[in-house]
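Asker:
Residue numbers (this note's numbering): 5 to 294.
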């Protein structure tokens, strides 16, 4: 049997190990801790690693990481009397666990309390802005102003406000349909105006083209008549010179021209063979074709 001294030593070691375990606690890299005694905060621990406390004290842990606050979607009335559904969110981080516990108790309470304040500030800012501001570059300026307004209230909770964003801005169904109908009517009117302007421009261009066409054709006919007259004049001169040189050949040439004009289209003519029109067909003497 073990001696009483060994048993007592073992009991002391076990009690010491239990007391030592009750005096030690570990803080992870993504945590910060608050040491409490009888429910009252004693001090905060922000450094990760192994730390010590009294056995009668307990530890509450808080996140060091950036957390998300995503309040419910709310309907906001803008300055131009249009209603929109706004979905906003914020990023925050606990920097003072003691102050955070005193004001918010825990993260769930903070999300509820600060989410209400976030929605209230958003309603106040958007009530001064028209719908077009939320659809333009002014949207980022509005979000920056909302964030600047909430930085100090967040510090009251021991929280650092990292960012505030308006995720989506949607029109209610009835408003969306009304806006769509107005936009559709506006686009139809604009399309009709563009078509009318196009038809007017088309008529002007067509009239100008027709006027130029008439002028070009008239000038072409004039030049054709001039050239035809000059050609006929030169032709008559040549024919006159030919007639002066050989009257018989000239008559023969004129008869061939008449044959070509009369018979080129396959016409049928009923004429007596001894007609003067066919004199060169009936006369085969060499003098007739000289």
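Glycine residues also receive a C-beta, built at the ideal position from the N, C-alpha and C atoms.
What is the DSSP secondary structure of residue 109, counted as helix, strand or coil?
Answerer: Looking at residue 109 - three-state DSSP - the assignment turns out to be coil, as it is neither helix nor strand.
Asker: With a Cβ-Cβ cutoff of 7 Å, do residue 171 and residue 93 count as a contact?
Answerer: Yes; because the gap between Cβ atoms is below 7 Å, this pair is in contact.
Asker: Beta carbon of residue 34, beta carbon of residue 95: below 7 Å?
Answerer: The answer is no: Cβ separation not under 7 Å.
Asker: What residues in its chain sit with their C-beta under 8 Å from that of residue 42, if we drop five residues either side in the sequence?
Answerer: If we look at residue 42 and ignore the five residues flanking it on each side, its Cβ neighbours are 60.
Asker: What is the rounded straight-line gap between the Cα of residue 132 and the Cα of residue 194?
Answerer: Each residue's Cα considered, the two are about 31 Å apart.
Asker: Using DSSP with H/G/I as helix, E/B as strand and the rest coil, what is residue 162?
Answerer: Coil, per DSSP.
Asker: How long is the line joining the alpha carbons of residue 19 and residue 49, rounded to whole angstroms?
Answerer: Answer to the nearest angstrom: the Cα atoms are 27 Å apart.
Asker: Let me know if residue 36 comes out buried or exposed under the rule of 16 or more other beta-carbons within 10 Å of its beta-carbon.
Answerer: Residue 36 is buried by the Cβ-count criterion.
Asker: In this structure, does DSSP put residue 146 in helix, strand or coil?
Answerer: Here residue 146 sits in helix by DSSP.
Asker: In this structure, does DSSP put residue 293 in helix, strand or coil?
Answerer: Confidence in residue 293 is poor, its pLDDT being 41 and thus under 50, which makes the residue's placement too unreliable to answer from.
Asker: So what's residue 237 in DSSP terms, helix, strand or just coil?
Answerer: Three-state result, residue 237: helix.
Asker: In the DSSP assignment, find the alpha helix (DSSP H) that holds residue 137 and state where it starts and stops.
Answerer: Run containing residue 137: 135 to 138, per the alpha helix (DSSP H) assignment.
Asker: Beta-carbon separation of residue 122 and residue 45 under 7 Å?
Answerer: Result no, Cβ atoms of residue 122 and residue 45 do not sit closer than 7 Å.
Asker: Give me the Cα-Cα distance between residue 262 and residue 255, rounded to the nearest whole angstrom.
Answerer: Each residue's Cα considered, the two are about 11 Å apart.
Asker: Less than 6 Å between the CB of residue 164 and some heavy atom of the ligand ATP, yes or no?
Answerer: Absence of the ligand ATP from the depicted structure is noted, as is the absence of any ligand whatsoever, leaving it without description.
Asker: Along the beta strand (DSSP E) that carries residue 72, what are the first and last residues, could you check?
Answerer: Residue 72 -> beta strand (DSSP E) spans 71 to 73.
Asker: How would you call residue 163, buried or exposed, if buried means at least 16 neighbouring beta carbons within 10 angstroms?
Answerer: Buried is the call here.
Asker: Mind listing, in chain order, the continuous beta strand (DSSP E) runs of no fewer than 3 residues lying wholly within the segment 53 to 103?
Answerer: Counting only runs of 3 or more, we get 53 to 56, 61 to 67, 71 to 73, 78 to 81, 87 to 98.
Asker: Given a cut-off of 7 Å on the beta-carbon distance, is the pair residue 87 and residue 176 in contact?
Answerer: Contact: yes.
Asker: Please state if the CB of residue 101 and the CB of residue 38 are separated by a distance shorter than 7 Å.
Answerer: Contact flag set, yes.
Asker: If I measure Cβ to Cβ from residue 58 and keep anything under 6 Å in the same chain, skipping five residues before and after, which residues do I get?
Answerer: Hits under 6 Å: none found.
Asker: Could you check if residue 7 is buried or exposed, using at least 16 other CB atoms within 10 Å of its CB as the buried criterion?
Answerer: Burial call: exposed.
Asker: Check the C-beta distance from residue 78 over to residue 63 and give it rounded, since I have them as a contact under 8 Å.
Answerer: Going by Cβ atoms, the distance from residue 78 to residue 63 rounds to 38 Å, so no, they are not a contact pair.
Asker: So, helix, strand or coil for residue 8, using DSSP?
Answerer: The answer is helix: DSSP assigns residue 8 an H, G or I state.
Asker: Would residue 98 pass as a contact of residue 65 if the rule is Cβ separation under 7 Å?
Answerer: No, the Cβ-Cβ distance between residue 98 and residue 65 is not below 7 Å.
Asker: Along the chain, where does the beta strand (DSSP E) that runs through residue 41 open and close?
Answerer: 35 to 41 is the span of the beta strand (DSSP E), which, as asked, contains residue 41.
Asker: Is the beta carbon of residue 73 sitting closer than 7 Å to the one on residue 119?
Answerer: Going by C-beta atoms, residue 73 is nearer than 7 Å to residue 119.
Asker: Using only the alpha-carbon positions, how far apart do residue 210 and residue 227 sit?
Answerer: Using only the alpha carbons, I get a separation of about 25 Å.
Asker: Could you give the distance in angstroms between the alpha-carbon of residue 216 and the alpha-carbon of residue 201?
Answerer: C-alpha separation (whole angstroms): 22 Å.
Asker: Determine whether the beta carbon atoms of residue 52 and residue 69 lie at a separation below 7 Å.
Answerer: No. Outside cutoff.
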